[in-house]
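Okay, so here's the structure we're looking at.
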Amino acid sequence: MPARLKFDDGIKEFEVNGKELLRFNPSDPNVYRRFFEVAEELPAVEEDFRKRAERLDKEDAVALLGLMGELDKKVKERLSYVFGPENDFERILGGVNLMAVGQNGQRIVVNVLEAFQPILEEGVKQHRKEAAAEAVAQAKARRAAAGE
2 MPARLKFDDG IKEFEVNGKE LLRFNPSDPN VYRRFFEVAE ELPAVEEDFR KRAERLDKED
62 AVALLGLMGE LDKKVKERLS YVFGPENDFE RILGGVNLMA VGQNGQRIVV NVLEAFQPIL
122 EEGVKQHRKE AAAEAVAQAK ARRAAAGE
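Quick note on the working numbering: the sequence shown kicks off at 2 and runs consecutively.
What follows is the structure, encoded as structure tokens:
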């Protein structure tokens, strides 16, 4: 049997809309970087979708639904890239297409990103606070060692 290694990785669980769990470390700068990377990609993805939808025959609902499904799959894959591959956004969002509109009139993808933003911003603040405290402790240790 292999030896086991267990440590605190900062992973937190978030219950999404009272159903599935999303697990990630909100203070991980890599998550924060990937989140904003994907957020910056989305306008171009939506513009591509709009242009492709305009080229479709206006009566071809099946083709439009296929295009919406393609975009939904692509964005969910990017969300899994942000939060980790163990987070299956098709499952987490209960199969809802991210291009659908919520009760507030915004696309679900916008609602998802807006829900995560304050969590990630708080995580980054925590990371900065801990990094600053560590830097102070290291400086004190260096001063104490130099004074010996």
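Just so it is clear, CB atoms sit at the ideal spot from N, CA and C, and this is done for glycine as well.
Between the beta-carbon of L57 and that of A64 there is about 5 Å, and that keeps the pair under the 8 Å contact cut.
Taking a 10 Å sphere around the C-beta of V102, we find fewer than 16 other C-beta atoms and assign the residue as exposed. A Cβ-Cβ contact shorter than 9 Å links E38 with V83. K130 has its alpha-carbon roughly 18 Å from the corresponding atom of A142. In this structure L23 is buried. Its beta-carbon is surrounded by 16 or more other beta-carbon atoms within 10 angstroms. Within a 10 Å sphere around the beta-carbon of P27 sit 16 or more other beta-carbons, which makes this residue buried.
When the alpha-carbon of A45 is set against those of K59, G85 and V76, the nearest one is in V76. Restricting attention to E21, P3, D29 and G19, the CA atom closest to the CA of D9 is found in D29. Beta-bridge partners of L22 (DSSP): E16. Excluding sequence positions up to five before and after I109, its CB lies within less than 8 Å of the CB of L94, V97, N98, L99, M100, A101, V102 and G103, all in the same chain and listed in chain order. Around the beta carbon of G124, 16 or more other beta carbons lie within 10 angstroms, which makes this residue buried.
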